[in-house]
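Quick notes on the structure that follows.
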Amino acid sequence: MLFEQIATGGCRSYLVGCQATCAAAVVDPEVSQIDRYLALAARDGLRIRYVIDTHTHADHFSASKQLARKVDAPVVMHRESTVPTVDMRVDDGDMVVVGKLRLQVLHTPGHTRDSMCLHVEDRVFTGDTLLIGGTGRTDLPTGDSSALHDSLFGKLLRLDPATLVFPAHEYKGRDHTTLGEELAGNPRLQVRDRDEFVALMASLNLDMPTHITEALRTNLSGGKTVAQMLAEAAASVPFMSMAQLRDRIAAGDTELVVLDVREREAWEAGHIPSAKLLPRGQLELRVNEELPDPTRHIVTCCEFGRISTLAAATLREMGFQRAVALDGGMKAWREAGYPLEAAPPRH
Ligand SMILES: [Fe+2]
3 MLFEQIATGG CRSYLVGCQA TCAAAVVDPE VSQIDRYLAL AARDGLRIRY
53 VIDTHTHADH FSASKQLARK VDAPVVMHRE STVPTVDMRV DDGDMVVVGK
103 LRLQVLHTPG HTRDSMCLHV EDRVFTGDTL LIGGTGRTDL PTGDSSALHD
153 SLFGKLLRLD PATLVFPAHE YKGRDHTTLG EELAGNPRLQ VRDRDEFVAL
203 MASLNLDMPT HITEALRTNL SGGKTVAQML AEAAASVPFM SMAQLRDRIA
253 AGDTELVVLD VREREAWEAG HIPSAKLLPR GQLELRVNEE LPDPTRHIVT
303 CCEFGRISTL AAATLREMGF QRAVALDGGM KAWREAGYPL EAAPPRH
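Okay, here's the thing in structure tokens:
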């Protein structure tokens, strides 16, 4: 078995592969690591056959849909999952066959209704059902502490105590543990009585995870995160440095259109000399009158350099093949002490 654990902050994902057949699966992929999964698989001569989420994540952005598309593999989740982009729904007792490896599905509801663990050879991917020294929380959508108690004591912890535990989260840098170690030392597993366990889980008062609404929105729908939208836009446009733009303006470059896509008040307060105002919200509707020549060299700018990247990508999509985005924004421009122009007073 080829095995890689990939840490992204507190998130853990896994690449597990069969040496004999070169088939592999990725478990709980995170959106910023797509290139890494592909590179690790390539390094080990593996073909990713399945992309598996142990549950609907509320605390990180799943890369399942995107990764599965790239490698032409199905997204696998438990049948209780409501995510529409799942290709293969599995049930308790099913096996996902990865070459000669057998990933045995254990339905372990509790953290979420669609939570499952995957047992393969000497180890188990526990998702957020069992963490090192903890368990998944049960206060997020579809969480159920009574079900978690049953999943742990009635199912997961009945596996061989020597089984290695690889969770979907680990915040203290530990690699793995065993079921036996958890049974002996995990504080939550010392509370064997169901009612006491439920009371314990209810008393935790945990903070909401950051980005929970965005994570649930995108993970449940297969939609894109804001970071993804920005990354895709950034990958599709060239940029111009602030120094380059300053020099071109100083040299009187009349070919270049500086397009400020902020709102009018921001533009009026101070903009790059000669910058034309066309707020991002009106870009598509006013582009024909404001930018009649699609061959012009256009550099978009905004306050922080993000909206301008989206605007440049939109312009490119619309056929402005020389649209570029400013590498930076007006905040950085002002801080650099570069020239500014204020709008003439309005009458
Ligand atoms: Fe989770």
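Going left to right, the sequence shown walks through residues 3 to 349 as the numbering used here numbers them.
We treat Cβ as the ideally placed atom computed from N, Cα and C, and that holds for glycine.
Beta-carbon proximity check, residue i vs residue j, cutoff 8 angstroms
i, j, result
"Gly-224", "Val-85", "yes"
"Ala-60", "Leu-218", "yes"
"Arg-318", "Ala-325", "yes"
"Val-107", "Asp-96", "yes"
"Leu-232", "Arg-176", "no"
"Val-260", "Val-301", "yes"
"Gly-112", "Leu-150", "yes"
"Trp-269", "Leu-258", "no"
"Leu-48", "Leu-4", "yes"
"Ile-50", "Ala-27", "yes"
"Asp-2", "His-273", "Residue 2 lies beyond the residue range present for the chain, which begins at 3 and ends at 349; the question has no answer from this structure."
"Asp-124", "Thr-87", "no"
"Val-351", "Thr-128", "Limits of the chain in this structure are 3 at one end and 349 at the other, which puts residue 351 out of reach."
"Arg-91", "Phe-155", "no"
"Val-122", "Leu-133", "no"
"Tyr-52", "Pro-76", "yes"
"Thr-140", "Met-203", "yes"
"Cys-303", "Gly-331", "yes"
Same chain, Cβ closer than 6 angstroms to residue i, neighbours up to 5 away in sequence not counted
i, result
"Ala-235", "Thr-311, Leu-312, Ala-315"
"Pro-275", "Ile-251, Pro-341, Glu-343"
"Thr-137", "Arg-190"
Own chain, CB closer than 7 angstroms to residue i, minus 5 neighbours either side, in chain order
i, result
"Ala-334", "Met-244"
"Tyr-173", "Gly-12"
"Thr-58", "Ser-83, Val-85, Thr-114, Asp-116, Asn-221, Leu-222"
"Arg-196", "Ser-148, His-151"
"Asp-94", "Val-107, Leu-108, His-109"
"Asp-46", "Leu-4, Gly-19"
"Glu-184", "Leu-132, Val-167, Leu-191"
Cβ-heavy atom distance, residue i to ligand 1, below 7 angstroms
i, result
"Gly-136", "no"
Sequence-distant residues of the same chain with beta carbon closer than 8 angstroms to residue i, five excluded per side
i, result
"Ala-22", "Gly-101, Lys-102"
"Gln-192", "none"
"Thr-215", "none"
**Contiguous alpha helix (DSSP H) assignments of at least 4 residues, all confined to the segment 267 to 292** = If we require 4 residues or more, the alpha helix (DSSP H) runs fully inside the segment 267 to 292 come out as 285 to 292.
**Prompt:** For ligand 1, which residues count as neighbours when the test is a C-beta closer than 5 angstroms to any heavy atom?
**Reply:** Taken from the N-terminal end onward, the list reads His-59, Asp-130.
**Asked** Which runs of the alpha helix (DSSP H), 4 residues or longer, sit entirely within the segment 181 to 236?
**Response** Listed in chain order, they are 181 to 187, 196 to 204, 214 to 223.
**Item:** Minimum length 3: unbroken beta strand (DSSP E) runs contained in the segment 31 to 112
**Value:** The segment 31 to 112 contains these whole beta strand (DSSP E) runs: 49 to 54, 77 to 80, 90 to 92, 97 to 100, 103 to 109.
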